[in-house]
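See below for the structure under consideration.
Protein chains: 2
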Amino acid sequence: MARQARYGAQSRLRALQSDIMDLILERELEAGDPLPTENELAASLGVGRNTLRESLKVLQAMGVIEIRHGFGMFVAPTNFDALAEGLMFRGRLSLRQNGEDALQLLGIRQALETGLLPAAVAASTPGHLERLAEAVEHLEQLAQAGEHSAAADAEFHRRLFEPLGNELLQQLLGVFGKVHRKIQLEAGPATDDAAAVAALHRKIYDAVAAGDAAAAGGLLASRFEELRAKIGALVAGR
Amino acid sequence: MARQARYGAQSRLRALQSDIMDLILERELEAGDPLPTENELAASLGVGRNTLRESLKVLQAMGVIEIRHGFGMFVAPTNFDALAEGLMFRGRLSLRQNGEDALQLLGIRQALETGLLPAAVAASTPGHLERLAEAVEHLEQLAQAGEHSAAADAEFHRRLFEPLGNELLQQLLGVFGKVHRKIQLEAGPATDDAAAVAALHRKIYDAVAAGDAAAAGGLLASRFEELRAKIGALVAGR
DNA sequence: AAGACAATATCGGATGTCCCACCTCCGCCC
DNA sequence: GGGCGGAGGTGGGACATCCGATATTGTCTT
């Protein structure tokens, strides 16, 4: 089967990825369903195993499939890990140059969160507020212990947009949250102590509870401005 | 160099990707700069060439590097192609099942665009409006010729958010625009004719020119509702 | 009879090697 | 002097082979 006529196409890999995705669609596989083994796939697609593996790794990175060593490959639930990975790299690279990408990355998160806040606030129910309040309290508890938890911060933002009921959107926001934190780490030692962060989130919560999305957005902005200034200083120092 | 102690890590590939990214950062490479050849990289990272290639392909998919056959590998400018690819697959897969992901994908685009519209409208200058008007006219010209151009549609949306001055954000919006159109294609034959689309965009332009972001958002929503209904029907038919 | 441990089967993970395809550039020939 | 062609280098691809991880299964112990 192998070693057939050479196709003129510049890149066979692209086609291979599509073939694999088509195969998944054709066989009506759902998330969690197993794919054929690498050897079977390689044989049925008429390519070498290494070539196939390159495609599979790419598909894994795209969040299409999940590879479990020694067990098999499966259709994966959506995940944006690769996106986050790539963007964080982008940000780091940018910080070593003109900082442009880092600022834009930050800008995306800010635009997304402030843009979506009104809708989230409007769709918020007492139950949502309750959960958001818990997140704030958790943040405050950690702050009292002098700890600075990125996970708790992320959880607050997650719950902030829970009312929208869009899990994919949540993941996307999570990605930019991760990127934000990474850039913050790279840009220099944290200047904000945990207590201040907790207090800020408490204020945001209050604004949300009061249904004032604009105020909440303004509060969110403060954390961005600080980081932007730090990035500006970092870049200027070169 | 090869065959050193086995690392306990579950996956070496992940580490390899990080190593390559670190190498780029350490050598202070910028976008467009060439990377070492595959053989050099494989040797200096102490892995086999095929293993290295898998990582490189993933990095390419993440938009970190650009690979030009027969020429070399280069640090790439940011691009979200892989993201679009993965999400379009997600949408197609979803349409064959419960349609949930497809709806959420649509929801993300809608949330993003309506959420960002106020800021875009506020930041819009006469120059921006001018360019937006041109896009509308182009759309209308095509409509008169009976043509239905996805590119012209995309261009309109691109110019809509140009005032925000965030290229990365533009690319991200572009991704969800692509995903939207793909889902629309997959969900069934277009029910909207080019003239209606052009007319709608004209109305959106008018709203933007009038500084009425809310109205523009409402107009945008109409295209989403139609598609949602189509998806609902498609899924129900199973 | 039930649970823990060990052998094994089944995958994916990694490598080295060989050859092909493609691009670029330099030098030759017209 | 300009265009064409080949040489060299670089990525693309295919095997064959061995390593490593994981789940399962079967047996041994309690």
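Protein chains in written order, with the working numbering: chain R, 10 to 247; chain H, 10 to 247.
Each residue gets a CB set at the ideal place from its N, CA and C atoms; glycine is no exception.
It should be emphasised that the depicted structure is a prediction, and the values quoted were computed from it without experimental measurement.
Residue i versus residue j: straight-line alpha-carbon distance, rounded
{"i": "residue 80 of chain H", "j": "residue 53 of chain R", "result": "31 Å"}
{"i": "residue 117 of chain H", "j": "residue 178 of chain R", "result": "6 Å"}
{"i": "residue 108 of chain R", "j": "residue 100 of chain R", "result": "8 Å"}
{"i": "residue 35 of chain R", "j": "residue 187 of chain R", "result": "35 Å"}
{"i": "residue 37 of chain H", "j": "residue 83 of chain H", "result": "13 Å"}
{"i": "residue 221 of chain R", "j": "residue 90 of chain R", "result": "33 Å"}
{"i": "residue 320 of chain H", "j": "residue 92 of chain H", "result": "Since the first residue of chain H shown is 10 and the last is 247, residue 320 of chain H is not available in this structure."}
{"i": "residue 97 of chain H", "j": "residue 47 of chain R", "result": "24 Å"}
{"i": "residue 66 of chain R", "j": "residue 211 of chain H", "result": "44 Å"}
{"i": "residue 209 of chain H", "j": "residue 174 of chain R", "result": "28 Å"}
{"i": "residue 218 of chain R", "j": "residue 138 of chain R", "result": "7 Å"}
{"i": "residue 17 of chain H", "j": "residue 74 of chain R", "result": "The predicted position of residue 17 of chain H is uncertain, since its pLDDT is 34 and thus under 50; a value taken from the coordinates is nonetheless stated next. Taking the straight line from one Cα to the other gives about 24 Å."}
{"i": "residue 135 of chain R", "j": "residue 69 of chain H", "result": "45 Å"}
{"i": "residue 40 of chain R", "j": "residue 78 of chain R", "result": "18 Å"}
{"i": "residue 244 of chain H", "j": "residue 194 of chain H", "result": "15 Å"}
{"i": "residue 237 of chain H", "j": "residue 122 of chain R", "result": "24 Å"}
{"i": "residue 106 of chain R", "j": "residue 189 of chain R", "result": "17 Å"}
{"i": "residue 171 of chain H", "j": "residue 141 of chain R", "result": "34 Å"}
{"i": "residue 160 of chain R", "j": "residue 125 of chain R", "result": "21 Å"}
{"i": "residue 85 of chain H", "j": "residue 95 of chain H", "result": "19 Å"}
{"i": "residue 226 of chain R", "j": "residue 44 of chain R", "result": "45 Å"}
{"i": "residue 183 of chain H", "j": "residue 167 of chain H", "result": "7 Å"}
{"i": "residue 163 of chain H", "j": "residue 191 of chain H", "result": "12 Å"}
{"i": "residue 23 of chain R", "j": "residue 71 of chain R", "result": "13 Å"}
{"i": "residue 154 of chain R", "j": "residue 185 of chain H", "result": "42 Å"}
{"i": "residue 205 of chain R", "j": "residue 214 of chain R", "result": "14 Å"}
{"i": "residue 59 of chain H", "j": "residue 231 of chain H", "result": "49 Å"}
{"i": "residue 131 of chain R", "j": "residue 169 of chain R", "result": "12 Å"}
{"i": "residue 57 of chain R", "j": "residue 180 of chain R", "result": "35 Å"}
{"i": "residue 13 of chain R", "j": "residue 112 of chain R", "result": "Since pLDDT at residue 13 of chain R reaches only 32, below the 50 mark, its modelled position is unreliable, and the value read off the structure follows with that caveat. Near 49 Å, if we compare the C-alpha coordinates of residue 112 of chain R and residue 13 of chain R."}
{"i": "residue 197 of chain R", "j": "residue 201 of chain H", "result": "52 Å"}
{"i": "residue 55 of chain R", "j": "residue 115 of chain H", "result": "36 Å"}
{"i": "residue 64 of chain R", "j": "residue 30 of chain H", "result": "20 Å"}
{"i": "residue 62 of chain R", "j": "residue 28 of chain R", "result": "13 Å"}
{"i": "residue 133 of chain R", "j": "residue 158 of chain R", "result": "25 Å"}
{"i": "residue 239 of chain R", "j": "residue 239 of chain H", "result": "48 Å"}
{"i": "residue 26 of chain R", "j": "residue 246 of chain H", "result": "29 Å"}
{"i": "residue 235 of chain H", "j": "residue 228 of chain H", "result": "12 Å"}
{"i": "residue 152 of chain H", "j": "residue 165 of chain H", "result": "14 Å"}
{"i": "residue 32 of chain R", "j": "residue 110 of chain H", "result": "19 Å"}
Which residues DSSP lists as bridging residue i, in chain order
{"i": "residue 8 of chain R", "result": "Summary: the structure shown does not reach residue 8 of chain R, with chain R confined to residues 10 through 247, and so no result is reported for it."}
Residue i beta carbon near the ligand FMN (any heavy atom closer than 6 Å)
{"i": "residue 105 of chain H", "result": "Of the ligands one can find in the structure shown there are none, so the ligand FMN has no counterpart to examine."}
Residue i in three-state terms, based on DSSP
{"i": "residue 172 of chain H", "result": "helix"}
{"i": "residue 221 of chain H", "result": "coil"}
{"i": "residue 105 of chain R", "result": "coil"}
{"i": "residue 89 of chain H", "result": "coil"}
{"i": "residue 198 of chain H", "result": "coil"}
{"i": "residue 154 of chain H", "result": "coil"}
{"i": "residue 227 of chain H", "result": "helix"}
{"i": "residue 116 of chain R", "result": "helix"}
{"i": "residue 183 of chain R", "result": "helix"}
{"i": "residue 246 of chain R", "result": "coil"}
key: Residue ranges of each alpha helix (DSSP H) within the stretch 12 to 83 of chain R, 4 or longer   = 21 to 35, 47 to 54 and 58 to 70
ask   = What residues from the stretch 189 to 214 of chain H come within 9 Å of chain R, judged by C-beta to C-beta, listed N to C?
value = none
ask   = If contact means a Cβ-Cβ distance below 9 Å, which residues of the stretch 52 to 75 of chain H contact chain R?
value = 59, 62, 63, 64, 65, 66, 67, 68, 69, 70, 71, 72 and 73
message = If the cut-off is 8 Å on Cβ atoms, which residues from the stretch 100 to 124 of chain H count as contacting chain R, listed in chain order?
response = 101, 102, 105, 106, 110, 113, 114, 116, 117, 120, 121, 123 and 124
inquiry  = Under 9 Å, CB to CB, which of the residues in the stretch 223 to 242 of chain H have a partner in chain R?
reply    = none
query = When Cβ atoms are compared, which residues of the stretch 128 to 156 of chain R fall closer than 8 Å to chain H?
reply = 128
Residues within the stretch 155 to 178 of chain H neighbouring chain R, beta-carbon criterion of under 7 Å = 173, 175, 176, 177 and 178
inquiry  = Using a Cβ-Cβ cutoff of 7 Å, what residues of the stretch 73 to 92 of chain H are near chain R? List them in chain order.
reply    = 73, 78, 87, 91 and 92
task = Return the residues of the stretch 29 to 48 of chain R that lie within a Cβ-Cβ distance of less than 9 Å from chain H, sorted by chain order.
result = 30, 33, 34, 37, 38, 39 and 40
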